[in-house]
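Visitor:
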Amino acid sequence: MASVLKFILGAAWYLQWVLLVFVVCVLVVAFAARDTVENDAPVNLLYHQEIPGLETTHPDFSDPVLRLKEGVLHYKARVEWKMVLMAFAHIGFQFFITLSITYLLRKIFRTLTHEVPFLPQNALRILKIGILIMLLPPLHFFENAYHYWPAYTHFTLAGEKLGTHLEFDFQTLLLGLVVLIIAEVFRIGTQLQQENELTV
Amino acid sequence: MPILVNLDLMLVKRKMSLTELSGRVGVTLSNLSILKQGKAKAIRFSTLEAICRELDCQPGDLLEFETEA
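If you read the sequences in order, they're chains A and B.
Numbering-wise (this note's numbering), the first sequence opens with residue 61 and increments by one.
Numbering-wise (this note's numbering), the second sequence opens with residue 71 and increments by one.
1. Quick check on residue 61(A): buried or exposed, where buried means 16 or more other Cβ atoms within 10 Å of its Cβ?
2. For residue 97(B), which residues in chain A fall below 8 Å Cβ to Cβ?
3. Comparing C-alpha positions only, which one of 251(A), 161(A) and 204(A) sits nearest to residue 185(A)?
4. Any idea what DSSP makes of residue 136(A), helix, strand or coil?
5. Please state whether the Cβ-Cβ distance between residue 105(A) and residue 129(A) is less than 8 Å.
6. Okay, do the segment 72 to 85 of chain A and the segment 143 to 157 of chain A touch, 3+ Cβ pairs below 8 Å being the bar?
7. Tell me which same chain residues have a C-beta within less than 6 Å of the C-beta of residue 88(B), skipping the five on either side of it?
8. Enumerated in chain order, which unbroken segments of the beta strand (DSSP E) with a length of 3 residues or greater are wholly contained in the segment 75 to 163 of chain A?
9. Counting only the same chain and skipping the five closest in sequence on each side, list residues whose C-beta sits under 8 Å from that of residue 65(A).
10. Return the bridge partner residues of residue 221(A) from the DSSP annotation.
11. Along the chain, where does the beta strand (DSSP E) that runs through residue 75(B) open and close?
12. Between residue 76(B) and chain A, is any beta-carbon pair separated by less than 8 Å?
13. In terms of residues, what are the limits of the beta strand (DSSP E) holding residue 257(A)?
14. For residue 180(A), which residues in the same chain have their Cβ closer than 8 Å to its Cβ, ignoring the five residues on either side in sequence?
15. Residue 136(A) to residue 147(A), Cα distance in whole Å?
16. Using a cut-off of 9 Å between C-beta atoms, extract the partners of residue 120(B) located in chain A.
17. What does the alpha-carbon distance come out to for the pair residue 241(A) and residue 76(B)?
18. Which value, in whole angstroms, describes the spacing of the CA atoms of residue 104(B) and residue 72(B)?
19. Taking C-beta pairs closer than 8 Å, name the residues in chain B that residue 175(A) reaches, listed in chain order.
20. Alpha carbon to alpha carbon, how far is residue 68(A) from residue 197(A)? Give it in angstroms, no decimals.
21. If you draw a straight line from the C-alpha of residue 123(A) to the C-alpha of residue 195(A), how long is it?
22. Indicate whether at least one CB of chain A lies closer than 8 Å to the CB of residue 137(B).
23. Hey, residue 132(B) and residue 121(B): beta-carbon distance below 8 Å or not?
24. Counting along the chain, where does the beta strand (DSSP E) carrying residue 135(B) start and finish?
25. Look up residue 110(B) in the DSSP assignment and say whether it is helix, strand or coil.
26. Enumerate in chain order the residues of its own chain whose CB-to-CB distance from residue 163(A) is below 6 Å, with the five nearest sequence positions on each side excluded.
27. Does the beta carbon of residue 85(B) sit closer than 8 Å to a beta carbon anywhere in chain A?
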């Protein structure tokens, strides 16, 4: 099990760096080579839009109407420095969080292999992992809000504004909270271990 | 810490070294050293019993409560 974990952690660490370099290169090429970029934004329509021309071949069904209330807004946008900055900032924050979590996990794992897991440093590392996990939902929320803002403000359909999907990932937030609780349990366990070591 | 450990005084009285006491009571030298230096957080009754038996003393000869000024 330990060797499997070691392999997974090592692979995750190096793969993320490779992916980061790859994504940065792709972004640089994409922004440098083009004047416009294509964007997709999931949108909600305020009212159902009825799509004509729908037919049915079943004898028991009649008068079919396709009503759509959700879709994907696809458009091209001119490349601007704000867009480039946001893209790199998003990539930077995302990889900072995931690389930091992986780095802390590798540090914890090294203490496990030396069979001294209950250290104050490990309790602090688990606490940091919990905080980093809890940063992901607001990061994604604000990134989506920035990404979908143009769809809400600059496009209309038959005179009506488009709505957008903005969901907050409470499940990941709860997972981060679980990790924070585990960090507290670990901290108390560390104290108990230290007291046990100083019990003659 | 308000509890003082007078193990070093008892060792002098009984003319015994810490190493010899460690071998007799079955506690490691490092743990006895921790006890002697007053860094121990707790002591087991079994350890206290063994030390008192080997040093022929009472627990009160080893442990002293000092009120904080």
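Backbone N, C-alpha and C fix where the C-beta goes; we use that ideal spot for every residue, glycine too.
Computed from a predicted structure; not experimentally measured.
Guide: This is what the structure gives:
1. Result: exposed.
2. Under the 8 Å cutoff, chain A gives 260.
3. Residue 161(A) holds the alpha-carbon nearest to the alpha-carbon of residue 185(A) among 251(A), 161(A) and 204(A).
4. strand
5. yes
6. With three or more CB-CB distances shorter than 8 Å, the segment 72 to 85 of chain A counts as touching the segment 143 to 157 of chain A.
7. 102
8. 96 to 111 and 126 to 138
9. 169
10. As a beta-bridge residue in DSSP terms, residue 221(A) pairs with 216(A).
11. 73 to 75
12. no
13. Careful: residue 257(A) lies outside any beta strand (DSSP E), inside the alpha helix (DSSP H) at 230 to 257.
14. 247 and 250
15. In a straight line, the C-alpha of residue 136(A) is about 16 Å away from that of residue 147(A).
16. Under a criterion of Cβ atoms nearer than 9 Å, no residue of chain A is adjacent to residue 120(B); the nearest Cβ is some 10 Å distant.
17. Their Cα atoms are separated by approximately 42 Å.
18. Rounded to whole angstroms, the separation of the alpha carbons of residue 72(B) and residue 104(B) is 16 Å.
19. Under the 8 Å cutoff, chain B gives no residues; its nearest Cβ is about 18 Å from residue 175(A).
20. 24 Å
21. So the two alpha carbons sit approximately 50 Å from each other.
22. no
23. Closer than 8 Å, so yes.
24. 133 to 135
25. coil
26. none
27. no
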